[in-house]
Every structure is written in structure tokens, then in C-alpha cells.
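Here's the structure we're looking at; comments come further down.
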Amino acid sequence: MIFLNLLNRIFGPRKPLSRQEIEDYKTGAGDMHEIESKAASSDFNDQALEGWENSSTSVNDGMLSTDKKINQFIKKGNAGDSSTKGMTLSFILFTLTMLTLIIFTYQGNNAVEKKPQIKEAIKVENSRSKEIDFYTAISTEKQITSNELIKNQETKKEEKEDAVFSEPKIEKVKIESQNTDIKEEDIQLPIQSSGKIPNSSKSSLVYKNAREVYLSGLKNIDYRAHRKSPFKIKNSLDVGIPASQSSKEDKQEFPSLQTKEINYMEYLATSSSYFNKDQFKIALKHYLIILDTYPDDVNANFYGGLCYFNLGQFDKTTELLKKSYTFRFGNFREEARWFSARANLEQNYLVKGKYLLNEIIEEGGFYSKKAKVVLGNLEK
Amino acid sequence: MNRTSAKFEHYSDAELLASYRTNQDKRVIGELYTRYGHLVMGTCLNYLKNKNDAEDSVMEIFMSLDYKIKKYEINYFKSWLFILTKNSCLMALRKKKYITNQLNEEIVAQEDEIEEKEIKEIKLNELETAIKELDPPQDEVIKLFYIQQLTYKEVSEQLNLTLNKVKSAIQNGKRNLKIKLKEHDLFKSA
Chain A
1 MIFLNLLNRI
11 FGPRKPLSRQ
21 EIEDYKTGAG
31 DMHEIESKAA
41 SSDFNDQALE
51 GWENSSTSVN
61 DGMLSTDKKI
71 NQFIKKGNAG
81 DSSTKGMTLS
91 FILFTLTMLT
101 LIIFTYQGNN
111 AVEKKPQIKE
121 AIKVENSRSK
131 EIDFYTAIST
141 EKQITSNELI
151 KNQETKKEEK
161 EDAVFSEPKI
171 EKVKIESQNT
181 DIKEEDIQLP
191 IQSSGKIPNS
201 SKSSLVYKNA
211 REVYLSGLKN
221 IDYRAHRKSP
231 FKIKNSLDVG
241 IPASQSSKED
251 KQEFPSLQTK
261 EINYMEYLAT
271 SSSYFNKDQF
281 KIALKHYLII
291 LDTYPDDVNA
301 NFYGGLCYFN
311 LGQFDKTTEL
321 LKKSYTFRFG
331 NFREEARWFS
341 ARANLEQNYL
351 VKGKYLLNEI
361 IEEGGFYSKK
371 AKVVLGNLEK
Chain B
1001 MNRTSAKFEH
1011 YSDAELLASY
1021 RTNQDKRVIG
1031 ELYTRYGHLV
1041 MGTCLNYLKN
1051 KNDAEDSVME
1061 IFMSLDYKIK
1071 KYEINYFKSW
1081 LFILTKNSCL
1091 MALRKKKYIT
1101 NQLNEEIVAQ
1111 EDEIEEKEIK
1121 EIKLNELETA
1131 IKELDPPQDE
1141 VIKLFYIQQL
1151 TYKEVSEQLN
1161 LTLNKVKSAI
1171 QNGKRNLKIK
1181 LKEHDLFKSA
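Chains as they are written, first to last, in this note's numbering: chain A, 1 to 380; chain B, 1001 to 1190.
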């Protein structure tokens, strides 16, 4: 799994850089490594990024003029086609009055056509939302609640403090964030000054723990440095469209369908609060919306995965938990593997489940004792 | 009028091209512009170093798509567009007598679009061995950039290399790594 991820990272295809990513790179606001990885994967991305980097204008300002020209070109092109077809007919058949009628009809059609377009844009989100509403929560004893997570966090912290009680405590900063530290697994292979890798059969991969922030008592990665720009969310379609706003004349068409911009941390805090109150369906919807914009977001992948678990969707649980830790953001790795093992066992995937449990035991982390108990029960 | 339509947002590039060949709906070009316009513009800025010339080239390229999509069989649009953009920039520079090279109009697929199917399950230690076999500084740069996930700047500071050297070490390192993996028959040949 790890080496496939690594291989994909080195050789796998990457999506084209978006305007926002280039702009973030210019301003130093985005995930610089992720953007550079995309640039390194394609000459097109690389050349474009370099071009914009050396340009003094912002991407949006720089594209303003060509955006307008392209809009005109497309408008003209499509209008040209229809006018050629329509000219002969209109010349022979229609009077000026008839033409006026056609214009009205055209306007009416346009207003009608817009509805399915907008609907199509949020169709996926709505069907997903409806699907979530149909899920049934598993029994409360089996659920992974915020209480369990917080309790585990505290025990883990206490154990850590006991182990290093002689060392000075790390000073807490506002909103309980922790400084970045690097957690090296016992299977590490350090980079040496010679640049050569010692010959070892074990993995050299090191998971870093990024800065954390606690929202509703739950651990989250502090993405504030990476998610400065607000992201867009679409309002729900569930509300009807007022009749007064169904014509083209209304500039504020379908206000309930419009997108709005929202701050990432605020949205994450709301999502955490729903999770904390055991409102897993609504929390899941929130986390999936975050994933629409940031598919690699480890917070949303982790807690989204746990929501799926509590709603009995174990296959989706493992799918999201797999994405809830990366080399840069390894904070959830331990928990994710433990809950993945539990999700596998819930589905009776005993081989996968036992394999993960054995790995957890071998690594000897916080969950190793629990894993031993579960494994012992399975082998009875 | 929007330059694109919501229905095209979910189309792949190949589907967009097929749709354009059938309907000649200019909004397809609008969608392609939305996806790649800023990359074309950035590349033009990189070559031409002048915003007005870059804008002219961008317009020329996207307006010529109407004819070129119908004429050429395009397998990998993104790579094809990149070659088209480079050629267009080189022609613009030639007009200004900056270069006199013969331009090559061949349309090729870039490796980055066909590599996905090449990746096989390669054991981690084999990958590590291949990285180890790279010449310095490619070996260290590849490790720091892809394994440690450092930024260009961080790699350049750590290894005391210029940013351009870091970038070229990544490109050359990737190419050499692939050759080594192929030598050991760990990569399907392209």
C-alpha cells in the first residue's frame, strides 16, 4: 500500500493545476508541496506555474482579458450558426410581429432551460444526501463516539506524559494546538549525508505529525496555513423554488441553489460539533462537502470514515480511513488502522482484520493492547 | 451567455472532443478553455515574457481548436495542447527573429498521461534500491521531495542547490528511476 502510494506519487498522473492553486502558490498560501508535485508530474503544469510565478499579475487578473474574448468568441460562434439557419426561414415566413413573438419564445425557453442545468450541478450532492438519510445507525455500543475518541486521546496523553515525566512539559498554545514534531516509526531508514539508503528490507517511510487543533474536543489537523481561501458550498435543493423567481427577469434566480463561500476552519468546527453530538448523518454530509473541495483532507477523511462506520457502511469506512493519513499528515494513522481493523471485522473480513491487528500489535502503539484482546477473542 | 455548460463539466477531454466533432457546440471550446486556459496562458507567459503577446497566443490557440479538433485525431488532449502551445510560442518568437529553428508539428502523447497503466506492484525495497542507484544529487532530491514531501525551496536549502537544479534533478531523477525499474522488468514498457 505504502509503496503503491509512493509510486503513484512519483509516476502517477496528476490533475492539471487549477487557477486557485496557481494563485495560492504565488501568494504562498497553498499546500506548496502538493502544487509542486503536480508541477513535477507534467511539463505543462511546470511551465505554466513558472510563467505565472514570474508574472506580476494575479491569475484572475491575468486571465480577465482572455476570459472576455473567449466568451465573445463562443457567443458569436453559437449565435452565428443559429442565425444562418434562421435567416432564410424568417425572410420567407415571418413578419416583424412574428419575429417579436420568436424573441419572447426564445427568452421563455432560456428560463426553462436553466433549471435542469443548475439541478444537474448539484444532482450528485443531493442524491448523496438522500442516500445518507437512508442509512441506519449501528447499535450504540458498537459506535465510535466522540467520548471514546476523547477518552483515548486523554489516556494516550497520560501514557506519553508518564513515559517522559522527567522531561519538561510542552507549553500549550491557544486552542490546544501542538507544535509540529516528527514521529518516526520503528521501521525508519534515515537519509544519510551520502545520500545512499542503507540496505534494509524494512520501509524507510516516516510519517510526520502535523500541528493539531482541537475542535469540540476532537483532534484535527490545523490546516489554517493551507486553507486560507474560503471554499464554495452549494445550498440544498430540498427547498422549493419560489414561483416569483422562476422567470428570467429575476436576476436572483433560485437563491436556494446558489453557492456561498465559507471558511474552512469554521466549517470543520461545525462538522466536529455535529460529530461530537453523535449526529453522524449531518456530520458525514459536512465532511463529504469538504472532500468535494479537498479530496485529500485528512480530517474529513478520518471523521467521515468514522461516520460511515457508525452508520454501518463499513466498506466506505475503510475507503476513507485509508486516505486519512499521509507522510506529511500522519496524526491519524494509528487510530485509522485500528478502526479499519474493526470495520473489516464487522464485515467478517477476518484475514484482513487479523492482518491489521497483528501489524498494530507489532508496532506496539497505543492500540496494541486492545488489538491483542480482540485478536485473542478471535482465536478462541 | 456562459462560455461553458454544466453538462460538459463531467465530460472527459475525449468525450468533449467527440461531442464537438458531432455538434460543433462552441461551449465545448469554452469548457476546454476553463480547464486549460490558465495553463496555456502561463506557458505562453513563460516563453514570451510579455502579457500582450501571451494573450494573443492564447486566443489564437483556442480559436484554432475549432479547425484542429475536426482535422486531427487527438488521443491525449492535454499533451497535444501543450505541444500546440509550445509550437505557437516558438512561432511567435520566430516571427520576432528570436529563433530560427524548424518547428515540429508532430503531435505526441506525453508520458504523464500513459504512465498510470504502467505502474505495477513494485516492492518497496526494490524501489529503494533503484533510488539508491541514482547519481547524486538526484537520489537525495527524489527522497526529500517524494518521500519527505519537502517543497522545492526546502530541498534547495537542505542540499544547498539552486531551485532550478532541484527541479531538473527531480525530472532527471524520475526519468532515470523509471529506466532502472524497467531494467529490472518492474515497469511495463511504454
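Here a beta-carbon is modelled for each residue, glycine too, at the ideal position from N, C-alpha and C.
- Interface with chain A (9 Å Cβ-Cβ cutoff): N1046 of chain B is included.
- Look at K260 of chain A here: in three-state DSSP terms it is strand.
- G364 of chain A sits exposed, since fewer than 16 C-beta atoms from the chains shown fall within 10 Å of its C-beta.
- Scanning its chain for C-beta atoms nearer than 6 Å, with the 5 sequence neighbours on each side dropped, one finds around Y274 of chain A the residues I282 and A283, in chain order.
- In terms of CA proximity to F73 of chain A, B:K1026 leads the group B:T1085, B:E1073 and B:K1026.
- Within the DSSP bridge table, the entry for F231 of chain A names A:I262 as partners.
- From the beta-carbon of N147 of chain A, no residue of chain B is found nearer than 8 Å; the closest lies around 34 Å away.
- When the beta-carbon positions are compared, F1082 of chain B and F44 of chain A come within less than 9 Å of each other.
- Interface annotation, N71 of chain A: in contact with chain B, CB-CB separation under 9 Å.
- Between A137 of chain A and L311 of chain A, the beta carbon gap of about 6 Å places them in contact (Cβ cut-off 8 Å).
- One alpha carbon belongs to D1053 of chain B, the other to N60 of chain A, and they sit about 18 Å apart.
- About 12 Å separates the beta carbon of E1055 of chain B from that of S1088 of chain B, a gap too long to meet the 8 Å contact definition.
- Only residues of its own chain outside the window of five on either side were considered, and among them V1028 have a CB closer than 6 Å to the CB of S1019 of chain B, listed in chain order.
- Under DSSP, V213 of chain A shares a beta bridge with A:N220.
- Fewer than three pairs of CB atoms, one per stretch, sit closer than 8 Å, so the region 337-356 of chain A makes no contact with the region 1165-1182 of chain B.
- Boundaries of the alpha helix (DSSP H) around N299 of chain A: V298 to N310.
- The C-beta distance from L49 of chain A to G1037 of chain B rounds to 15 Å, too long to fall under 8 Å, and the pair is not in contact.
- For the C-beta of P16 of chain A, the chain B residues within less than 7 Å are, from N- to C-terminus, R1035, Y1036, L1039 and K1078.
- Judged by DSSP in its simplified three-state form, S273 of chain A adopts helix.
- Put simply, the CB of G364 of chain A is far from chain B, with every gap to its CB atoms at 9 Å or more.
- For I138 of chain A, no alpha helix (DSSP H) encloses it, and the DSSP letter there is neither H nor E.
- Cβ atoms of K208 of chain A and R328 of chain A come within 8 Å of each other, at about 6 Å.
- Under the DSSP assignment, Q1138 of chain B falls in the alpha helix (DSSP H) whose first and last residues are Q1138 to I1142.
- Between R9 of chain A and Y1146 of chain B, the C-beta spacing is below 9 Å.
- Within chain B, the residues placing a beta-carbon under 8 Å from that of E36 of chain A are F1145, T1151 and Y1152, ordered along the chain.
- At a cut-off of 9 Å between beta carbons, D67 of chain A contacts chain B.
- Chain A places a beta carbon closer than 9 Å to that of K1051 of chain B, counting this residue as a contact.
- Selection A:D46, A:F366 and A:L375 evaluated against I1170 of chain B yields A:D46 as nearest (Cα-Cα).
- Look at D297 of chain A: its C-beta is not under 9 Å from any C-beta on chain B.
- Using a C-beta cut-off of 8 Å, the region 1058-1072 of chain B makes no contact with the region 30-38 of chain A, since fewer than three inter-stretch Cβ pairs fall below that distance.
- Membership of K1165 of chain B in the alpha helix (DSSP H) is indicated by the continuous run L1163 to E1183.
- With respect to F1077 of chain B, L1039 of chain B sits apart: the two C-beta atoms are not nearer than 9 Å.
- With its beta carbon at least 9 Å from every one in chain B, Q143 of chain A lies outside the interface.
- Around the CB of I1179 of chain B, fewer than 16 other CB atoms lie within 10 Å, so the residue is classed as exposed.
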